[in-house]
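Engineer: Questions regarding the structure given below will be posed in turn.
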Amino acid sequence: METKFWPVDPVNPGPEVIAAAAGIIQAGGLVAFPTETVYGLGANGLDARAVEKIFAAKGRPSDNPLILHIADMGDVFQLSSQVPLQAQVLMETFWPGPLTIVLPKRDFIPVAVTAGLPTVAIRMPNHPVALELIKKAGVPIAAPSANRSGYPSPTTARHVQDDLAGRIEAILDGGPADVGLESTVLDLTGDLPVILRPGGVTKEQLSELLGAVDIDPGLSDSGLIPRAPGMKYTHYAPKARVILLKDNGPETAKRLDGLLAENAALGRKVGLLLTAEFLAKLGDVQVDHICNLGSRRDLAGIASLLYSRLRYCDQLGLDLILTETYEEKGLGRALMNRLLKSSGYTILE
Ligand code: TXA
Ligand code: MG
Numbered sequence: 154m155e156t157k158f159w160p161v162d163p164v165n166p167g168p169e170v171i172a173a174a175a176g177i178i179q180a181g182g183l184v185a186f187p188t189e190t191v192y193g194l195g196a197n198g199l200d201a202r203a204v205e206k207i208f209a210a211k212g213r214p215s216d217n218p219l220i221l222h223i224a225d226m227g228d229v230f231q232l233s234s235q236v237p238l239q240a241q242v243l244m245e246t247f248w249p250g251p252l253t254i255v256l257p258k259r260d261f262i263p264v265a266v267t268a269g270l271p272t273v274a275i276r277m278p279n280h281p282v283a284l285e286l287i288k289k290a291g292v293p294i295a296a297p298s299a300n301r302s303g304y305p306s307p308t309t310a311r312h313v314q315d316d317l318a319g320r321i322e323a324i325l326d327g328g329p330a331d332v333g334l335e336s337t338v339l340d341l342t343g344d345l346p347v348i349l350r351p352g353g354v355t356k357e358q359l360s361e362l363l364g365a366v367d368i369d370p371g372l373s374d375s376g377l378i379p380r381a382p383g384m385k386y387t388h389y390a391p392k393a394r395v396i397l398l399k400d401n402g403p404e405t406a407k408r409l410d411g412l413l414a415e416n417a418a419l420g421r422k423v424g425l426l427l428t429a430e431f432l433a434k435l436g437d438v439q440v441d442h443i444c445n446l447g448s449r450r451d452l453a454g455i456a457s458l459l460y461s462r463l464r465y466c467d468q469l470g471l472d473l474i475l476t477e478t479y480e481e482k483g484l485g486r487a488l489m490n491r492l493l494k495s496s497g498y499t500i501l502e
């Protein structure tokens with residue numbers, strides 16, 4: 154299959170290109186499109202056969218459910234049999250935006266979307282192209298991140314092309330995604346709201362509105378199975394090995410020197426993905442690639458760069474990526490969740 158590559162104005166998407174993409178969705182095909190978090194791979198969320206094509210194109214395990222994307226808040230009531238007041242408050246506050254809510258599903262939603270769970274994940278994305286596409290298609294769009302399963306999510310149309318060219322009908326290129334990390338997934342089916350995946354909306358923001366909010370213990374305890382099926386897989390991982398460095402003052406620079414010497418002796422190509430503050434503490438280091446992620450105080454800036462920088466390290470053919478840890482609060486929680494997974498939980502203290 155030849156994948157069409159269509160540039161689109163991210164602010165005022167042209168009606169022709171939206172109509173063409175919506176036509177593909179209605180006909181049961183796959184279209185990748187920009188959202189404010191990462192690029193999504195969309196199919197008609199009410200068409201089981203179309204949804205199955207998503208799993209085939211990505212190489213995604215079939216027990217990992219998909220998010221249904223809507224363009225009108227009211228559509229939540231059509232997809233879920235039970236929308237608690239909390240959900241409505243959240244929708245009013247954070248939609249359109251990087252928050253996905255998990256609610257009891259209605260029977261007509263295909264089993265392929267929910268992977269057989271009694272619940273469905275729903276999100277209204279904050280991107281004109283995504284919203285126009287959903288409206289024009291006239292159906293909820295099922296969309297995971299548009300990457301090959303296990304690889305870092307795509308934040309540009311070019312990333313999607315690298316992963317999925319020849320496997321999907323079209324890619325809408327609306328420029329780089331803004332947030333750069335996936336949405337927060339929040340389960341609202343229990344007594345307390347539970348974060349199943351930290352993301353663009355922080356625990357602090359949710360607690361301010363809802364009071365107590367739990368975090369799925371399966372996210373930090375490797376002995377437990379996470380409740381979002383997607384969180385149990387190897388994920389967000391480039392081909393290069395990733396090791397996280399915890400900044401412990403002058404000791405850290407010494408440790409890093411040792412690690413670099415060791416890897417140079419083995420002929421390995423090494424890259425550093427570090428903040429400006431961390432880089433400032435290093436002396437002259439001999440590595441194959443150095444990327445400055447910006448200031449530690451700008452976690453949003455770091456989040457928006459992370460995946461594309463990890464992908465770039467693979468393009469350079471690096472064997473090892475050394476990057477740093479963040480304090481687990483605010484957006485730092487989502488950053489650490491992704492970094493821990495991409496490194497296979499390897500931290501050098
Ligand atoms: O920002 C995002 O959320 C992006 C953009 C495209 O919207 N989408 C995305 O989808 O990241 P995906 O499929 O890569 O991740 C969805 C996550 C997975 O971890 C999945 O297991 C979980 O949400 N999930 C989906 N439905 C669920 C459900 N009913 N119960 C629990 N977890 C669910
Ligand atoms: Mg994904």
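Under this note's numbering, the first residue of the sequence shown is numbered 154, with each subsequent residue one higher. All C-beta atoms in this analysis are idealised placements derived from N, C-alpha and C, irrespective of residue type, glycine included. All values derive from a computational prediction rather than experimental measurement.
1) Does the Cβ-Cβ distance between L426 and C444 come in under 8 Å?
2) Any heavy atom of the ligand TXA inside 7 Å of the beta-carbon of M384?
3) Take K422 and list the residues in its own chain whose beta-carbon comes closer than 7 Å to its own, dropping the five residues that flank it on each side.
4) Would DSSP call V292 helix, strand or coil?
5) With distances taken from CA atoms, which of T428, A453, V438, K157 is nearest L446?
6) If contact is defined by three or more beta carbon pairs under 8 Å, each pair taking one atom from either stretch, is the segment 187-195 in contact with the segment 289-304?
7) Report the residue ranges of all alpha helix (DSSP H) runs contained in full by the segment 425-452; include only those spanning at least 4 residues, in chain order.
8) Please list, in chain order, all residues of the same chain as S461 whose beta carbon is under 6 Å from its beta carbon, the five residues on each side excluded.
9) With burial defined as no fewer than 16 other Cβ atoms inside 10 Å of the residue's Cβ, what is the status of A323: buried or exposed?
10) Would you say R301 touches the ligand TXA, meaning its beta carbon is less than 7 Å from a heavy atom?
11) What does a CB cutoff of less than 8 Å around G424 pick up in its chain, not counting 5 residues either side in sequence?
12) Assuming T387 contacts P251 (C-beta within less than 8 Å), just tell me the rounded distance between them.
13) Keeping to the same chain, check which residues put their C-beta closer than 7 Å to that of M489; ignore five residues upstream and five downstream.
14) Just verifying my parser: in three-state terms, what is the DSSP assignment at T267?
15) Measuring alpha carbon to alpha carbon, tell me which of A268, A185, L232, Q231 ends up nearest L325.
16) Just to check, is the beta-carbon of P297 closer than 7 Å to a non-hydrogen atom of the ligand COA?
17) Quick one: is the Cβ of N445 within less than 7 Å of any heavy atom of the ligand TXA?
18) Give the range of the beta strand (DSSP E) segment to which F186 is assigned.
19) With a 10 Å radius around its C-beta and 16 neighbouring C-beta atoms as the bar for buried, classify E335 as buried or exposed.
20) With distances taken between CB atoms, is the gap from Y389 to K288 smaller than 8 Å?
21) Could you compute how far the alpha carbon of D410 sits from the alpha carbon of V395?
22) How long is the line joining the alpha carbons of A365 and L345, rounded to whole angstroms?
23) Using CA coordinates, which residue listed in A417, N416, L435 is at the minimum distance from T405?
24) Measure the C-alpha to C-alpha separation of L377 and V354 and round it to an integer number of angstroms.
25) Taking a contact to mean a Cβ-Cβ separation below 8 Å, would you say V204 touches V266 in this structure?
26) Quick check on the burial criterion: 16 or more other C-beta atoms within 10 angstroms. Buried or exposed for G420?
27) Does the Cβ of I254 lie closer than 7 Å to at least one heavy atom of the ligand TXA?
28) Name the DSSP beta bridge partners of H222, please?
29) Can you find a heavy atom of the ligand MG that lies under 7 Å from the Cβ of E335?
30) What three-state label does DSSP hand D410 in the structure shown?
31) Mind reading off the beta-carbon distance from R276 to H222? Whole number of angstroms is fine, and I expect it under 8 Å.
32) Can you list, in chain order, the residues of its chain with a C-beta nearer than 8 Å to that of E502? Leave out the 5 residues immediately preceding and following it.
Structural biologist: Inspection of the coordinates gives the following:
1) On the sequence shown, residue 426 is found 273 positions in, with the first residue counted as 1. On the sequence shown, residue 444 is found 291 positions in, with the first residue counted as 1. For L426 and C444, yes; Cβs fall inside 8 Å.
2) For the purposes of this step, residue 384 is taken as residue 231 along the sequence shown, with counting starting at 1. For the ligand TXA, at least one heavy atom lies less than 7 Å from the Cβ of M384.
3) Here residue 422 refers to the residue found at position 269 of the sequence shown. Once the five neighbours on either side are set aside, the close Cβ partners of K422 are D441, G470, L471, D472.
4) In the sequence shown, the residue the question calls residue 292 occupies position 139. DSSP places V292 in coil when its eight states are reduced to three.
5) Indexing the sequence shown from 1 puts residue 446 at position 293. Ranking T428, A453, V438, K157 by Cα distance to L446 puts T428 first.
6) yes
7) Fully enclosed alpha helix (DSSP H) runs of 4 or longer: 429-434.
8) Position 308 of the sequence shown holds residue 461. T308.
9) Looking up residue 323 in the sequence shown gives position 170. The residue is buried, with at least 16 neighbouring Cβ atoms inside 10 Å.
10) In the sequence shown, the residue the question calls residue 301 occupies position 148. Flag unset: Cβ of R301 not near the ligand TXA.
11) Translated into the one-based positions of the sequence shown, residue 424 becomes position 271. Excluding sequence neighbours, G424 sits near A393, V440, D441, H442, I443, C444, C466, L469, L471, L473, I474, L475.
12) Numbered from 1 along the sequence shown, position 234 holds the residue referred to as residue 387. Numbered from 1 along the sequence shown, position 98 holds the residue referred to as residue 251. The Cβ separation is near 23 Å, so there is no contact.
13) Position 336 of the sequence shown, counted from the first residue, corresponds to residue 489. So the qualifying residues of the chain are T478, Y479, E481.
14) Along the sequence shown, one-based indexing puts residue 267 at 114. T267: helix per DSSP, three-state reduction.
15) The sequence position of residue 325 within the sequence shown is 172, counting from 1. With distances taken between Cα atoms, L325 lies closest to A185.
16) By its list of ligands, the structure shown excludes the ligand COA, since it contains just the ligand TXA and the ligand MG.
17) Position 292 of the sequence shown, counted from the start, is the residue given in the question as residue 445. No, the Cβ of N445 stays beyond 7 Å of every heavy atom of the ligand TXA.
18) Within the sequence shown, numbered from 1, the residue matching residue 186 stands at position 33. Taken as a continuous stretch (DSSP letters only), the beta strand (DSSP E) holding F186 covers 184-186.
19) Residue mapping note: residue 335 aligns to position 182 of the sequence shown, counting from 1. Buried.
20) Here the question's residue 389 lines up with position 236 in the sequence shown. Here the question's residue 288 lines up with position 135 in the sequence shown. No, they are not a contact pair.
21) Along the sequence shown, one-based indexing puts residue 410 at 257. Along the sequence shown, one-based indexing puts residue 395 at 242. Cα to Cα, the separation comes out at about 17 Å.
22) Taking the sequence shown and counting its residues from 1, the one referred to as residue 365 is at position 212. Taking the sequence shown and counting its residues from 1, the one referred to as residue 345 is at position 192. Approximately 7 Å, taken between the alpha carbons.
23) Your numbering for residue 405 matches position 252 in the sequence shown. Of A417, N416, L435, the residue nearest in Cα terms is L435.
24) Mapped onto the sequence shown, residue 377 falls at position 224. Mapped onto the sequence shown, residue 354 falls at position 201. Their Cα atoms are separated by approximately 24 Å.
25) Here residue 204 refers to the residue found at position 51 when the sequence shown is read from its first residue. Here residue 266 refers to the residue found at position 113 when the sequence shown is read from its first residue. Yes. Within cutoff.
26) Against the sequence shown, residue 420 aligns to sequence position 267. Label assigned to G420: exposed.
27) Counted from its first residue, the sequence shown places residue 254 at position 101. It does not: the Cβ of I254 is nowhere closer than 7 Å to a heavy atom of the ligand TXA.
28) Counted from its first residue, the sequence shown places residue 222 at position 69. DSSP, once it has assigned bridges, lists R276, I294 as partnering H222.
29) Counting from 1 along the sequence shown, the entry for residue 335 is found at position 182. Within the cutoff, so yes.
30) Numbered from 1 along the sequence shown, position 257 holds the residue referred to as residue 410. Looking at D410 - three-state DSSP - the assignment turns out to be helix.
31) Numbered from its first residue, the sequence shown carries residue 276 at position 123. Numbered from its first residue, the sequence shown carries residue 222 at position 69. Right, the Cβ-Cβ distance comes to about 6 Å (below 8 Å), so this counts as a contact.
32) In the sequence shown, counting from the first residue as 1, residue 502 sits at position 349. K399, N401, listed in sequence order.
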